[in-house]
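As structure tokens, the structure follows; a few thoughts come after it.
Protein chains: 2
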Amino acid sequence: MANAGTAQKARSSVDRIVERLYDDIRHMRLLPGTRISETDIAAQFGVSRQPVRDAFNRLANMDLIIVRPKKATEVKKFSVAAIERSRFVRASVEKEVLRLAAQRCTEADGFLLDSCISLQHKAMSEGDNAGFTQLDYEFHKTLCDIARVPYAFDVIRGEKEKVDRLCMLQLSKENRMPQLVEDHEAIAEAVKAGDPEAAAAAGATHLSRLDDTIAAIRITSAAYFDDSED
Amino acid sequence: MANAGTAQKARSSVDRIVERLYDDIRHMRLLPGTRISETDIAAQFGVSRQPVRDAFNRLANMDLIIVRPKKATEVKKFSVAAIERSRFVRASVEKEVLRLAAQRCTEADGFLLDSCISLQHKAMSEGDNAGFTQLDYEFHKTLCDIARVPYAFDVIRGEKEKVDRLCMLQLSKENRMPQLVEDHEAIAEAVKAGDPEAAAAAGATHLSRLDDTIAAIRITSAAYFDDSED
DNA sequence: ACGTCAATACTTGTATACAAGAAAGAATAC
DNA sequence: GTATTCTTTCTTGTATACAAGTATTGACGT
Numbered sequence: 000m001a002n003a004g005t006a007q008k009a010r011s012s013v014d015r016i017v018e019r020l021y022d023d024i025r026h027m028r029l030l031p032g033t034r035i036s037e038t039d040i041a042a043q044f045g046v047s048r049q050p051v052r053d054a055f056n057r058l059a060n061m062d063l064i065i066v067r068p069k070k071a072t073e074v075k076k077f078s079v080a081a082i083e084r085s086r087f088v089r090a091s092v093e094k095e096v097l098r099l100a101a102q103r104c105t106e107a108d109g110f111l112l113d114s115c116i117s118l119q120h121k122a123m124s125e126g127d128n129a130g131f132t133q134l135d136y137e138f139h140k141t142l143c144d145i146a147r148v149p150y151a152f153d154v155i156r157g158e159k160e161k162v163d164r165l166c167m168l169q170l171s172k173e174n175r176m177p178q179l180v181e182d183h184e185a186i187a188e189a190v191k192a193g194d195p196e197a198a199a200a201a202g203a204t205h206l207s208r209l210d211d212t213i214a215a216i217r218i219t220s221a222a223y224f225d226d227s228e229d
Numbered sequence: 000m001a002n003a004g005t006a007q008k009a010r011s012s013v014d015r016i017v018e019r020l021y022d023d024i025r026h027m028r029l030l031p032g033t034r035i036s037e038t039d040i041a042a043q044f045g046v047s048r049q050p051v052r053d054a055f056n057r058l059a060n061m062d063l064i065i066v067r068p069k070k071a072t073e074v075k076k077f078s079v080a081a082i083e084r085s086r087f088v089r090a091s092v093e094k095e096v097l098r099l100a101a102q103r104c105t106e107a108d109g110f111l112l113d114s115c116i117s118l119q120h121k122a123m124s125e126g127d128n129a130g131f132t133q134l135d136y137e138f139h140k141t142l143c144d145i146a147r148v149p150y151a152f153d154v155i156r157g158e159k160e161k162v163d164r165l166c167m168l169q170l171s172k173e174n175r176m177p178q179l180v181e182d183h184e185a186i187a188e189a190v191k192a193g194d195p196e197a198a199a200a201a202g203a204t205h206l207s208r209l210d211d212t213i214a215a216i217r218i219t220s221a222a223y224f225d226d227s228e229d
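This is the structure:
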């Protein structure tokens, strides 16, 4: 979990399997509720059950699959409680980051934010979806840096990834880009102005967009949500 | 060995091993840097290497041990970065909880807080260390309930446990109890008064105590800290 | 046609055996 | 005595075999 993004040199079979399954689950190629078998995956990768078993363990600890004794392992459904928790953590951290950023933003930091946003404008006008996603990450990372809490970005990214899989169900992302850029501009202005509460409020507004999206998906894709608690 | 009198739940070997090792690590019976071998643990539990291997995997995902290919697995040292991150998350979440609690605290909630604190006074005067720890958890859980974000407590408890192992190095905890109760009282007052910022500030003060403790331990027990980054 | 029951297939949990590499210790050369 | 090199041992990674339980499916009786 800690090294989800870093490129490992010596990748074992387990690493490869985890990477592949993680990607499949994240991109909803493996839908929630899908049953996956150790034997099947082992055959697909041409290895024994053992590495697959280890991989399953890792994924289970990431709460991406659920493996019960003597029952078929399956891709975990979305837990409303888990999503709420994750959203709350991200909102709390991000708001704290924005408060700190507003307090500590230097002139140079302000220019940094401006350049981030102009890049976003560029990506938006070009319809560069993937590029925009990357820039979105970088914007939030920049804010963490400005707040002098770079480690906070790890948390934000982690929580973001936890619910990212949901957003794969969303059809059009492009029509939301202008809204997001507007939000970013509001955040940047508040931070540059040194107004912590305004920055936190702008951040809250920004995050609430995702809440709406999730609420909508929850209705359209109810089958992928877990009715019981965890 | 199979069932020592009490009705055992369906705990697998892996569960038992994880539970035991987790407890040993948390209570610093297994010190950071200690090398542990799959074979050894397997022999101790009278099982094969396989369940131990699974247990190691789970613990590695919890960032409690580090297992590298062909190198001895060892109990992970304290990572300054990880501690900072964890502290930041807990502080962010707890402050957000307190803000919400202050906004949403009813009269009945206020009485709840009062009863929590009087129980803490009782445990303190009796020198009931374990009881106080439990009450401390319950106090923070109550605040989450008052804030109408009960799931936030999961996060707080999780982050708390991540650094709890550090506090095992601390000799006397009793002399800190009066300070903690004072903090709790300040928090409760601000929440009952419906003052979000005062509540958040009181919470920040409360958490800063732990930061001081950690800073002290970092010096006295430098050997247990990891110098490199992760 | 439908309900009940049993056998079968498929699931994960565990044990054992072998492979590959790293670290530590012993032996040797200087 | 010291440094270096080689061997030995210990480590985890992987493959295979067996065990135990569940779910499905088929057959059979009503």
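As they're listed, the protein sequences go chains W and D. So the first sequence is numbered by numbering that gives the first Met the number 0: it starts at 0 and just counts up by one. So the second sequence is numbered by numbering that gives the first Met the number 0: it starts at 0 and just counts up by one. Where is the CB? At the ideal position from N, CA and C, for every residue including glycine.
Check, Outcome
"From D:G45, D:R28 and D:L30, residue whose alpha carbon lies closest to that of D:V13", "D:G45"
"Chain W contacts made by the stretch 132-160 of chain D, where a contact means CB separation under 8 Å", "V148, Y150, A151, D153 and V154"
"Cα-Cα separation, W:Y223 to W:K161", "15 Å"
"Contact residues within the stretch 93-113 of chain W, judged by C-beta distance below 9 Å to chain D", "E93, K94, E95 and V96"
"Partners in chain D for W:F77, counting only beta-carbon separations shorter than 8 Å", "Here the premise fails: no neighbours, minimum Cβ distance about 15 Å."
"Residues of its chain near D:I186, where Cβ-Cβ distance is below 7 Å and the 5 sequence neighbours each way are ignored", "L97, A198, A201, G202 and H205"
"Segments assigned alpha helix (DSSP H), at least 4 residues, entirely inside the stretch 126-185 of chain D", "128-145 and 151-166"
"Runs of alpha helix (DSSP H) lying entirely within the stretch 14-96 of chain W, each at least 4 residues, in chain order", "37-44 and 48-60"
"Span separating the alpha-carbon of W:R52 from that of D:L63", "20 Å"
"Inter-residue Cα distance where the pair is W:R57 and D:G109", "43 Å"
"Chain-ordered residues of the stretch 194-210 of chain D with a beta carbon less than 8 Å from chain W", "none"
"Cβ-based burial, W:K8 [other Cβ within 10 Å; buried from 16]", "Since pLDDT at W:K8 reaches only 45, below the 50 mark, its modelled position is unreliable, and no value is offered."
"Beta-ladder partner(s) of W:D225, from DSSP", "W:S78"
"Rounded straight-line distance, which links the Cα of D:A59 to that of D:V79", "18 Å"
"CA nearest to the CA of W:R217, picked from W:R25, W:M176, W:E158 and W:E83", "W:E83"
"Selected residue, minimal CA-CA separation from W:D194, among W:A71, W:A101 and W:A221", "W:A101"
"Integer-rounded CB distance, given that W:S91 should sit under 8 Å from D:E95", "4 Å"
"Continuous alpha helix (DSSP H) stretch holding D:R208: start and end", "P195 to T219"
"Nearest candidate by alpha-carbon position, reference D:K191, set D:R34, D:C104 and D:K76", "D:C104"
"Cβ of W:E73 within 8 Å of any chain D Cβ", "no"
"For W:S117, three-class secondary structure by DSSP", "helix"
"Alpha-carbon spacing of D:M123 relative to D:D210, whole angstroms", "22 Å"
"Chain W within 8 Å of D:P68, Cβ atoms only", "yes"
"Nearest-angstrom Cβ-Cβ length linking W:R89 and W:E158, presumed shorter than 8 Å", "4 Å"
"Among D:S36, D:R86 and D:N174, nearest to D:I65 - alpha-carbon criterion", "D:S36"
"Cβ pair D:T212, D:Q169 closer than 8 Å", "yes"
"Cβ separation of W:Q119 and W:H183, assumed to be a contact under 8 Å, to the nearest whole Å", "6 Å"
"Chain W contacts made by the stretch 46-66 of chain D, where a contact means CB separation under 8 Å", "R52, D53, N56, R57, N60, M61 and D62"
"Contact belief for D:P31 with D:K69 at Cβ below 8 Å, rounded distance in angstroms", "Actually they are not in contact, since the Cβ atoms of D:P31 and D:K69 sit about 21 Å apart, beyond 8 Å."
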